[in-house]
Each structure stands twice: as C-alpha cells, then as structure tokens.
Amino acid sequence: MGSPSSVPKATSISTSISTSISTSTSVDAGVLGVFLVSRIIDGDTIEVTDESGGGVVTVRILGIDSPESRDPRTSIQCWAGQSTSYAEDTLSAQRVTLRSDPTQDVVDAYQRVLAYVLLPDGRNFSVESAGAGASRAYTYETPVQSAPEIEAAEAAATQAGLGLWGAPCFGATSAATTSAAPPVSTQGAPPADTALDPQFDTCGAAIEAGYGPYRVGVDPEYRWYKDGDSDGVNCER
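Going by our numbering, the first residue of the sequence shown is number 470, and it counts up by one from there.
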C-alpha cells in the first residue's frame, strides 16, 4: 500500500472522499463518509457508491489480507471463495462508514482508497473477518492502529481452527493444499499417537522446549503458529 504520487482528482475517486483527502493529511485523516457497498471484489477489496453523486470508489480494506482469487499472477488460493462469500454476506448492500488510519496513506498507487470499513453497528470489518478466519492480519510497512485488535481476533480464529486456519487450508494459502492426499493403508499399523504437543506463545518457545516442526495438513499444531514464509512448515529448527 505505497504512497500515492499525487492526490487523485474527483474524477478518479468520489467527490466527498477527494475533498476529505485534499483538506487533511495522513496524520489527522479520519471518517471519510458513509457509503453504500455496491460490489464485493474479494475478501479485502470492495466497491462503494457515494450516494450524493460522487460515483463508485474501490476500497482496499486496511489491516487484513484475504486469500487471492483474482490476481492473474497466481492461482486461486485456499479459502479464497469462502473469504469472498464472507465479505458478501457481511457487507453487501450495507451502508458503511469508511475511516482512514493516521499511520497509512489514504489512497494507494492503484487509486484505491485505504480505509477501515465500519458496519452500521460500529463493528470493524477487519476485526470481524480476521476473527472468522476469512482473512489474515496484514501489515504493509507500518502497522495499522487497529493491528492489536485484528491480531487478537486472528489468534482466536487460529486457536479455534476457524476458516482458513482449519481444514483443508490449515493456515496455508497455496491452492495445492486443497487437493486430497492419497489414501494411506493403516492395516497392521500400530495405533496412532493422537496426543498433541503442548501449546506455546511462539514458535521460538516451542522450539526451545524441543517441539516442532509442524506441517500444514499433517500436524494439528501447525494452526497454532504463524508460517512466516508460507511454505507449509512452521516452527522449523
């Protein structure tokens, strides 16, 4: 979400948002207005309509990142469809408040408004989506102000195995994680050890205690910890 090279004109974004940007800075920017959600692009990007006549605006929702479903450079990622469906169920046809974050730009290089989307009852969609396992907490260069709440919601979803943290993704977004594993014969095999390792606050603590690594789709403990390089293995020694 890089800095825009210049403030967009009202022809590229809605008049009311353009006015908000031109009269404020990234330090004191706040509520940008109330808009009607007119289209869900994916789990973290929507289009809203300025009902005062300002047109349609594309919004990249702050603080989260959903599995990719439309990027031509990559295949559809695990849980992409469900993430988009969650956004549709939660946001479609809602009148939402857009609020910028003083730590972030208001518009990115793609002319998308960067904002939190607040539901009519005041809930932050970023927190709700992360809490449902429909998206991940996301930081671009500088953490957003709501990062603690978003990350706490993500941690709860991870612990409960919700959404992309449960089967078949188990926290990985690679499309390959959705394919079924070949059947394995258990005839004559000893009883499986179903006991889980103890859970630690971080992978570092688990490794120090002699546990790990954990593999996506194999070890239930995988969903407890972040996979920093998204290679399907975490807590590697």
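Glycine included, every Cβ here is placed at the ideal spot set by N, Cα and C. Predicted model only: the values in this text are computed from it and were never measured.
When the options are compared against residue i, the one with the closest alpha-carbon
i, options, result
"G679", "P667, V685, V687, D688", "P667"
"C672", "Y691, V687, L665, A603", "Y691"
"I530", "G523, E520, S544, I619", "I619"
"D670", "W693, D688, G681, P689", "W693"
"G499", "N593, G522, D570", "D570"
"V503", "V702, E516, E610", "E516"
"V575", "P617, L501, Y683", "L501"
"S535", "S643, V685, D590", "S643"
"T627", "P589, T611, V685", "V685"
"Q706", "D698, V687, E677, D700", "It should be noted that the sequence gives Arg, not Gln, for residue 706. Nearest C-alpha to R706: E677."
Rounded distance between the beta-carbons of residue j and residue i, thought under 8 Å
i, j, result
"A584", "L567", "4 Å"
"T514", "V525", "Not a contact, Cβ separation roughly 13 Å."
"A624", "I533", "That belief does not hold up - the Cβ atoms of A624 and I533 are roughly 14 Å apart, past 8 Å."
"S598", "Y555", "6 Å"
"A664", "C704", "17 Å between Cβ atoms; not a contact."
"P682", "V702", "5 Å"
"V596", "V528", "In fact, because the Cβ distance is near 16 Å, the residues do not count as touching under 8 Å."
Beta-carbon gap between residue i and residue j smaller than 8 Å
i, j, result
"G714", "Q563", "The structure shown does not extend to residue 714, since the chain spans only 470 to 706, so no value can be given for it."
"T553", "I509", "yes"
"V565", "V613", "no"
"D696", "A641", "yes"
"S538", "D558", "no"
Residue i Cβ short of 7 Å to the ligand MN heavy atom set
i, result
"G630", "The model on display carries no ligand, and the ligand MN is accordingly not part of it."
Below 8 Å, can you find three or more Cβ-Cβ pairs linking the segment 633–641 to the segment 544–560?
yes
Between the segment 590–602 and the segment 569–581, do three or more beta carbon pairs fall short of 8 Å?
no
At which residue ranges does the segment 553–600 contain complete alpha helix (DSSP H) runs of 4 or more residues, listed in the order of the chain?
594–600
Beta strand (DSSP E) runs wholly inside the segment 499–557, at least 3 long, in chain order
DSSP runs (the beta strand (DSSP E)) wholly in the segment 499–557: 500–511, 514–519, 524–530.
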